[in-house]
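Q: Structure provided below as structure tokens; questions to follow.
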Amino acid sequence: MNHFIRNNFLAICVTLAVVFAFAKGATVYQQEPAKTVLPSLAMPTASDKTFANYWYKGKAEISSYTLEKDRYGQICPGEAVLVFVTEDFRTDKQVKLESDNKEAATNVLKVNFIEKFLTGIYDYSVMTSVFSPVDTKAFPHALKVATSVQEWCGMAYLQLNNRDRAYQIEGKSYFEKEVQEDIALERVLLEDEIWNKIRLNPESLPTGEIKIIPSFTYCRLRHQLPAVLQANASLKDYTGTDFSEKKLKVFSLDYPEKKRSVEIIFQEAFPYKIMGWTETNISKGKSLMSKATLKKTIMTDYWTKHNVTDLPLRDSLDLKYGLK
-8 MNHFIRNNFL AICVTLAVVF AFAKGATVYQ QEPAKTVLPS LAMPTASDKT FANYWYKGKA
52 EISSYTLEKD RYGQICPGEA VLVFVTEDFR TDKQVKLESD NKEAATNVLK VNFIEKFLTG
112 IYDYSVMTSV FSPVDTKAFP HALKVATSVQ EWCGMAYLQL NNRDRAYQIE GKSYFEKEVQ
172 EDIALERVLL EDEIWNKIRL NPESLPTGEI KIIPSFTYCR LRHQLPAVLQ ANASLKDYTG
232 TDFSEKKLKV FSLDYPEKKR SVEIIFQEAF PYKIMGWTET NISKGKSLMS KATLKKTIMT
292 DYWTKHNVTD LPLRDSLDLK YGLK
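Note that the sequence shown ends on residue 315 in this note's numbering; no numbers are left out.
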């Protein structure tokens, strides 16, 4: 009898959990058993020495871009910065490793994608951080993505954690309809992780008709929940005229449902530096194209350059927006 009661009690608990999840609008996935052995801090299998000589020197690659950003049905002036750096990342807590517990971590390529642009009297500051394991065989997708948007009206935030065979996404915002958003989505390509995938191995990018989750910046600026969409992807030689350097590639995304397209232009050869990008959206009934063009790139341990006397170093990136 006790066995019968216990089994029924467990069944009721599971049923209530599923009902509660659907009531919140979340997708329910079967949880994956916890792994007791974590992958080692592996480097790419191809060109290990070349990769190490570039990315494991204790410095970050920082690139500045002139930005033309679509907002409110117009093109706004601005500036973008991409910061790429490798670091050890805890796979359980999904944060930067700051202890000696290497067994709990894997090495990631992190990009901090920063955009600042002006809209009339006030400005926007947008930042996305993406943590992509270098060991792409053990970890095919980014482990974490976090996006914050700040402007004079308030702030909005989205965070994705890749765990339990699904993407767990949490959103917060000063907008009433977006004050708290918790959803789960299937693990597909993330638009936000493409930048790291290019730097690690652009040939691994999928092409053809694919499932993809649009960038969190796009979702937040257009007040849309992250969702799995269909897109057409291609990887080709760059034949345009906006970027003059030779031997460039372009990875393109086209979202038919959203009438949106994205192009990322980068060097054909390692280290596959990002030369710029475009994003075309329907804004206020018009098709407008945002565009970023590379200005300067430096390699530096920027985290040690935090004194007032280091301010002139900003000139090496030709940064115009911000404190001078």
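Cβ atoms here follow ideal geometry from the backbone N, Cα and C, with glycine treated the same way.
Spatial neighbours of glutamate 248 within its chain, please: CB distance less than 8 Å, with the 5 preceding and 5 following residues excluded, ordered by chain position.
A: Here the question's residue 248 lines up with position 257 in the sequence shown. Same-chain partners within the cutoff: Leu220, Gln221.
Q: Report yes or no: do three or more beta-carbon pairs, one from the region 194 to 211 and one from the region 104 to 122, lie closer than 8 Å?
A: Yes, they touch.
Q: If you count every other CB in all the chains shown that lies within 10 Å of the CB of aspartate 173, and 16 or more means buried, which is it?
A: Residue mapping note: residue 173 aligns to position 182 of the sequence shown, counting from 1. Its Cβ having fewer than 16 others within 10 Å, aspartate 173 is exposed.
Q: Considering only residues of the same chain and omitting the five flanking positions on each side of glutamine 159, which have a CB-CB separation below 6 Å?
A: Residue 159 sits at position 168 when you count from the first residue of the sequence shown. If we look at glutamine 159 and ignore the five residues flanking it on each side, its Cβ neighbours are Asn152, Ala175.
Q: Look up phenylalanine 130 in the DSSP assignment and say whether it is helix, strand or coil.
A: If you number the sequence shown from 1, residue 130 lands on position 139. Reduced to three states, the DSSP call for phenylalanine 130 is coil.
Q: Are at least three pairs of beta-carbons, each pair with one atom in the region 56 to 71 and one in the region 86 to 95, less than 8 Å apart?
A: The region 56 to 71 vs the region 86 to 95: no contact.
Q: Which of the three DSSP states is assigned to threonine 97 in this structure?
A: Locating residue 97 in the sequence shown gives position 106, counting from the first residue. Note: threonine 97 maps to strand in three-state DSSP.
Q: Once you ignore the five residues that flank tyrosine 165 on each side, which residues in its own chain have a CB closer than 8 Å to its CB?
A: Stepping through the sequence shown from its first residue, residue 165 is reached at position 174. Answer for tyrosine 165: Cys144, Gly145, Met146, Ala147, listed in chain order.
Q: Please classify lysine 237: does DSSP put it in a helix, a strand, or coil?
A: Here residue 237 is taken as the residue at index 246 of the sequence shown, counted from 1. Of the three classes helix, strand and coil, the one that applies to lysine 237 here is coil, per DSSP.
Q: Check the DSSP bridge columns for asparagine 152 and list the partner residues they point to.
A: Here the question's residue 152 lines up with position 161 in the sequence shown. DSSP output for asparagine 152 lists Lys135, Gln159 as bridge partner(s).
Q: Counting along the chain, where does the alpha helix (DSSP H) carrying tyrosine 45 start and finish?
A: Residue 45 sits at position 54 when you count from the first residue of the sequence shown. Run containing tyrosine 45: 39 to 46, per the alpha helix (DSSP H) assignment.
Q: Taking 8 Å as the CB-CB limit, is serine 206 close to chain B?
A: No chain B appears in the structure shown, which is made up of a single protein chain.
Q: Please look up how many angstroms separate the CB atoms of tyrosine 115 and valine 74, rounded, as I've assumed it's under 8 Å.
A: Taking the first residue of the sequence shown as 1, we reach residue 115 at position 124. Taking the first residue of the sequence shown as 1, we reach residue 74 at position 83. Rounded, the Cβ-Cβ distance is 18 Å, inconsistent with contact.
Q: Starting from cysteine 210, follow the alpha helix (DSSP H) in both directions and report where the run begins and ends.
A: By one-based count along the sequence shown, residue 210 stands at place 219. Run containing cysteine 210: 207 to 212, per the alpha helix (DSSP H) assignment.
Q: Could you pull the DSSP bridge partners for methionine 118 from this structure?
A: In the sequence shown, the residue the question calls residue 118 occupies position 127. Ile105, Ser139.
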